[in-house]
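A.B. asks: Can you read through this structure? Questions will come right after.
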Amino acid sequence: MARLPSIWEEPFRLTSRLSRWMDEFFRDFELPFFGWESLGRTDIYEKEGKLVYETELPGVRKEDIDIRVEDNQLIITGEVKRDERIAEEDYLRIGRRYGRFQRVFPLPEGLEDPKKIQAKFENGILRVSVPLKEALRKEKVIEIKVE
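So this is what it looks like as structure tokens:
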């Protein structure tokens with residue numbers, strides 16, 4: 164790809180720098196209204212006696228994910244790392260978010276042994292399966308005839 168003449172390149176560099184500075188400034192706050200909620204979008208459903216959390220983690224490597232249960236909460240943390248082979252000043256625009264993230268989900272009381280929780284990471288989707296005790300599983304619908 165041919166490089167743009169420098170007269171056209173400078174506005175992109177300035178925009179990229181401003182965007183990067185704003186990202187770095189707000190990154191320390193990790194507040195959801197600054198876009199942090201977009202990483203780790205999660206579906207939660209029950210299947211085969213397990214509560215399943217499917218979380219989107221595009222661009223995250225398996226070794227950069229940490230999952231733990233603490234205070235009856237499922238906590239998923241990790242980091243999206245920028246490709247260090249590309250110098251920061253070579254970017255014309257940085258549109259993806261980099262840095263640490265965390266998602267916290269409350270777990271129902273009285274789970275089976277937390278050591279039985281399983282996780283699998285495949286194609287950018289983290290699937291965490293939490294076994295439920297029989298009493299916590301969805302109750303079957305029972306029709307009651309009204310007279």
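Residue 306 in my numbering sits at position 143 of the sequence shown, and the numbers go up by one each step.
Just so it is clear, CB atoms sit at the ideal spot from N, CA and C, and this is done for glycine as well.
Smallest Cα separation from residue 261: which of 208, 209, 222?
C.D. replies: Residue mapping note: residue 261 aligns to position 98 of the sequence shown, counting from 1. Cα-wise, what sits closest to residue 261 is 222.
A.B. asks: Out of curiosity, what's the CA-to-CA distance linking residue 253 and residue 245?
C.D. replies: Taking the first residue of the sequence shown as 1, we reach residue 253 at position 90. Taking the first residue of the sequence shown as 1, we reach residue 245 at position 82. Roughly 13 Å separates the two Cα atoms.
A.B. asks: Since residue 250 sits in a beta bridge, which residues does DSSP pair it with?
C.D. replies: Within the sequence shown, residue 250 is the residue found at index 87, counting from 1. Paired residue(s): none; residue 250 is not in a bridge.
A.B. asks: Compute the Euclidean distance between the alpha carbons of residue 249 and residue 274, then round it to the nearest angstrom.
C.D. replies: The residue given as residue 249 occupies position 86 in the sequence shown. The residue given as residue 274 occupies position 111 in the sequence shown. Each residue's alpha carbon lies about 46 Å from the other.
A.B. asks: Name the one or two DSSP bridge partners that residue 263 has.
C.D. replies: Stepping through the sequence shown from its first residue, residue 263 is reached at position 100. Beta-bridge pairing links residue 263 to 242.
A.B. asks: Closest to residue 283 by C-alpha separation, out of 181, 226, 212, would be which residue?
C.D. replies: Residue numbering aside, residue 283 sits at position 120 when the sequence shown is read from its first letter. That would be 226, whose Cα lies nearest to the Cα of residue 283.
A.B. asks: DSSP on residue 269, reduced to helix/strand/coil?
C.D. replies: Taking the sequence shown and counting its residues from 1, the one referred to as residue 269 is at position 106. In the structure shown, residue 269 sits in a strand (DSSP, three-state: E or B).
A.B. asks: Taking the Cβ atom as the reference point for each residue, do residue 279 and residue 294 lie within a distance shorter than 8 Å?
C.D. replies: If you number the sequence shown from 1, residue 279 lands on position 116. If you number the sequence shown from 1, residue 294 lands on position 131. Yes, Cβ-Cβ distance for residue 279 and residue 294 is below 8 Å.
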